[in-house]
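Numbering (the numbering used here), first residue to last: 52 to 264.
Glycine included, each C-beta is placed from N, C-alpha and C at the ideal position.
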């Protein structure tokens, strides 16, 4: 089955982030988006550990151990970028000052519920962390994830089976198979990987889909 690569997924997300947006990129796969933002588009990347104005990942050998994102990955700082207190970073998140956040997920429901912090595994992260603040504080929530688990189960479901991070908060889902919009009528297919049929996509998805218009 034809799939988007992770770099292609990141490029899709970057394409949909508008000029002048204040954006938080969640830990893991979403951090790749920073590498695909067009150089001529002004986007302000925010990190919950107290950064605004992050750039792409540094070249190998040019990492600064004091300049990292919330996932402890080395980043760069664009001209005009700023450092500030962790509490101020959360005030931006909770105060509705972020236009977009891009988060990973274990499951997303047909109604836009998000589960991205706990699967019940004994070695799982013990607390929800900043994802909850982002999910309810950002004006738009994009989810970037594989369409299925390693065992072939859909991560897009009618109802989430895992503890929720946020209820009805997801606006758009980017996977290795498709881009889906969460709408009042259901999950609308915005685009699909080249060569993939709607029937194949529906068979891989645990919730009903609306055909692309």
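- Out of 132, 237, 133 and 111, the CA that lies nearest to the CA of residue 124 is found in 111.
- Residue 78 and residue 98 have their C-alpha atoms spaced approximately 10 angstroms apart.
- In this structure, residue 244 keeps its C-beta atom at 9 angstroms or more from the C-beta atom of residue 232.
- Annotation: residue 75 to residue 151 spans about 7 angstroms, alpha carbon to alpha carbon.
- For residue 110, no alpha helix (DSSP H) segment is defined, and its DSSP state is neither H nor E.
- For the pair residue 143 and residue 126, the CB atoms are not nearer than the 9 angstroms cut-off.
- Beyond the five residues adjoining it in sequence on each side, residue 109 comes within less than 6 angstroms, by CB distance, of 125 and 127 in the same chain, given in chain order.
- Of the candidates 242, 246 and 219, the residue whose Cα lies closest to the Cα of residue 235 is 219.
- Secondary structure of residue 82 (DSSP, three-state): helix.
- Under the DSSP assignment, residue 128 falls in the beta strand (DSSP E) whose first and last residues are 128 to 134.
- CA-CA distance, residue 87 to residue 158, rounds to 25 angstroms.
- In this chain, residue 144 is not harboured by any beta strand (DSSP E); it is covered by the alpha helix (DSSP H) spanning 137 to 145.
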